[in-house]
Structures are given as structure tokens and as C-alpha cells.
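Quick notes on the structure that follows.
In the UniProt record's numbering, the protein residues as written are 1 to 293.
The following block contains the structure:
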């Protein structure tokens with residue numbers, strides 16, 4: 001089984017910046033020997049133009065982002081950052097093709113769900129899932145798609161991308177008072193109070209999956225953010241490692257029950273203990289292998 005990774009791509013960050021660059025290498029190393037790790041390829045520009053606003057893309061490639069736009073992004077715009085974003089989106093696209101062929105596709109990056117059709121936001125330059133869906137549609141895939149977003153933050157960009165698409169169901173389970181301040185409308189939004197632990201979270205997830213199951217998706221994109229862990233710098237929820245594992249197992253059981261193919265993308269994770277971030281992410285992929293591969 002192969003997985004795509006961007007850990008080999010450098011990125012210079014200001015000293016003390018909270019972006020968890022360490023986790024991409026750490027997760028890849030934790031899974032080495034269990035998966036065939038392949039460098040994520042650059043996404044075809046044609047795929048980007050199928051999803052994103054052409055004027056936005058042309059400006060990004062021609063001149064980058066303004067200082068104001070970089071502040072909204074939360075990262076300095078550099079050629080290295082653009083390259084990583086292109087390859088992260090390429091990893092999700094390739095994982096989607098793998099999923100349709102083999103039932104499971106894995107990207108050890110991606111989950112950039114705050115990117116809108118015409119703007120960058122929240123560490124997200126391109127919306128990798130929206131780009132992958134657009135590419136699959138162009139290649140003739142017509143099945144129903146579920147975007148299951150269990151990152152601690154609402155997938156606001158994803159909600160906008162698919163807001164008028166009846167063939168894609170967006171489900172976001174997130175902190176109600178967390179970023180983004182202005183929530184967009186998913187097909188199903190489940191906002192949770194700060195500090196929610198394992199029990200309440202898993203009950204809410206079970207109810208949400210039951211509703212999503214009625215959609216009968218053929219393909220599921222799982223944004224498996226681990227910023228739901230207690231101690232995350234930005235997550236504001238309080239799941240344990242075991243709680244995150246139970247979350248993942250419920251998702252994989254759901255996928256088997258509905259008979260869908262699955263793409264797993266990494267999503268957020270910013271724990272004050274970097275080892276917990278790496279451990280939780282790696283466990284998500286191990287469980288996917290043991291449950292579905």
C-alpha cells in the first residue's frame with residue numbers, strides 16, 4: 001500500500017511560527033516500512049483551474065499573495081510554500097485515484113479545507129479535496145461524494161465549494177466557538193462546545209454518521225485532523241489518544257458499512273507536545289490499513 005508525502009519539500013518559517021512542519025517528516029518516518037512512501041507529485045494546473053477561480057490562480061502564479069492576503073493565510077507566501085501546496089494537492093488527487101482503484105488512498109498531507117474558490121485562508125492556498133473531486137469528475141467519475149471533516153475547525157472553504165452541488169455532501173464536526181469566526185453552511189454542521197471529551201464527541205459523531213449514511217456515498221474524503229486532542233494549541237477540544245482512535249475506527253466502520261472507497265488526508269494537529277501530534281496522525285493511517293486495506 002502506498003501513501004504520498006511532502007516531507008521532503010523544504011519550507012522556511014519565521015522563528016517561533018506555530019505551523020507544525022515537523023509532523024510531515026515525523027509521520028512519514030513513523031509509517032516507514034508499513035507503507036510505500038512516494039513523494040507527492042505536483043498537481044496538474046488543469047485540475048486547479050477546474051476548481052478554483054481562474055483570476056485567483058493566475059494572480060497566485062504571476063505575483064503571489066499580498067501582505068494582507070498572507071496574513072489571512074497565516075503563512076508568508078514564498079516559492080517554497082507554493083511548491084508544497086501544489087504537491088500536497090497532488091498527493092490528494094493521486095490518493096483519490098488510488099481509492100477508486102483499490103478502495104483506499106492515503107495522503108500524508110492535505111486537508112486544506114479553509115481555501116475558498118477565490119482566496120487563501122488558514123494555512124490553505126488550494127482546497128485539495130475540491131481540486132481532486134473536480135479532476136475525478138473530468139475523468140468521468142459520477143458517484144456521490146461525502147467530505148467528512150473531523151478537523152477541530154469548520155471546513156468553511158469546502159462548504160462554499162460544494163454548497164450548490166447535490167452530488168457532494170459536506171459534514172463538519174468542529175468546535176463551535178473556534179476558528180473560523182464566520183462559519184459557512186455545510187450540508188451538516190455539528191458545532192461542539194469548548195472542552196468536549198471522548199464520550200460526548202463520539203456520541204455526536206455517531207449521530208452525524210447516521211445522517212450522512214442516508215446519502216449513500218460512493219467515495220469518502222476523510223479530513224482526519226488530530227487538533228481535537230487535549231493540549232492542542234488551536235483545537236480547544238479535549239479528546240484522548242484513545243478517543244481519537246475510536247473516532248477513526250467509527251469512520252472506517254461507517255465506510256465499510258456504506259461500501260464506499262476512502263481517501264484519508266491529514267488535516268490539522270498542533271499539540272503542545274509534538275510527539276502526540278505525530279503519534280495520533282500515524283495511528284490514524286495505521287488503523288486505516290488494518291481496518292480497510
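Positions of the beta carbon are idealized from the N, C-alpha and C atoms, including for glycine.
Backbone secondary structure at residue i - three-state DSSP
| i | result |
| --- | --- |
| residue 259 | coil |
| residue 157 | helix |
| residue 5 | strand |
| residue 48 | helix |
| residue 26 | helix |
| residue 170 | strand |
| residue 32 | strand |
| residue 222 | strand |
| residue 215 | coil |
| residue 274 | helix |
| residue 136 | helix |
| residue 202 | helix |
| residue 244 | helix |
| residue 131 | helix |
| residue 209 | helix |
| residue 192 | strand |
| residue 238 | coil |
| residue 124 | strand |
| residue 116 | strand |
| residue 303 | Since the displayed the chain opens at 1 and closes at 293, residue 303 lies outside it and no answer follows. |
| residue 38 | strand |
Cβ-Cβ separation, residue j to residue i (assumed contact under 8 Å), whole Å
| i | j | result |
| --- | --- | --- |
| residue 4 | residue 95 | 6 Å |
| residue 90 | residue 42 | 5 Å |
| residue 115 | residue 225 | Contact flag wrong, Cβ pair sits at about 15 Å. |
| residue 194 | residue 213 | The pair is not a contact, with the Cβ atoms about 28 Å apart (cut-off 8 Å). |
| residue 123 | residue 19 | 7 Å |
| residue 61 | residue 117 | Between residue 117 and residue 61 the Cβ distance is about 16 Å, and since that is not below 8 Å, they are no contact. |
| residue 289 | residue 255 | Incorrect: roughly 13 Å between the Cβ atoms, too far for contact. |
| residue 325 | residue 236 | No answer is possible for residue 325: it lies beyond the span of the chain, which begins at 1 and ends at 293. |
Burial state of residue i (16 or more Cβ within 10 Å)
| i | result |
| --- | --- |
| residue 154 | buried |
| residue 163 | exposed |
| residue 230 | buried |
| residue 185 | exposed |
| residue 68 | exposed |
| residue 182 | exposed |
| residue 87 | buried |
| residue 84 | buried |
| residue 198 | buried |
| residue 261 | buried |
| residue 36 | exposed |
| residue 111 | buried |
| residue 71 | exposed |
| residue 101 | exposed |
Cβ-heavy atom distance, residue i to the ligand SAM, below 7 Å
| i | result |
| --- | --- |
| residue 51 | No copy of the ligand SAM appears in this structure; indeed no ligand is present at all. |
Cutoff 8 Å: residue i Cβ touching any chain C Cβ
| i | result |
| --- | --- |
| residue 48 | In summary, chain C is missing from the structure at hand, where a single protein chain is found. |
Determine, using beta-carbon pairs with one atom in the segment 235-247 and one in the segment 163-170, whether at least three such pairs fall under 8 Å. no
Below 8 Å, can you find three or more Cβ-Cβ pairs linking the segment 126-133 to the segment 145-160? yes
Would you check if the segment 132-149 and the segment 203-220 touch, i.e. whether three or more CB-CB distances between them fall below 8 Å? Segments in contact, yes.
Using 8 Å as the cut-off, can you tell me whether the segment 263-282 makes contact with the segment 103-114, which would need three or more C-beta pairs spanning the two stretches below that distance? yes
What are the start and end residues of each continuous alpha helix (DSSP H) run of 4 or more residues lying completely inside the segment 41-103, in chain order? With a minimum length of 4 residues, the continuous alpha helix (DSSP H) runs that stay inside the segment 41-103 are 45-51, 54-63, 67-73 and 79-102.
For the 8 Å Cβ check, are there 3 or more pairs between the segment 53-65 and the segment 21-30? no
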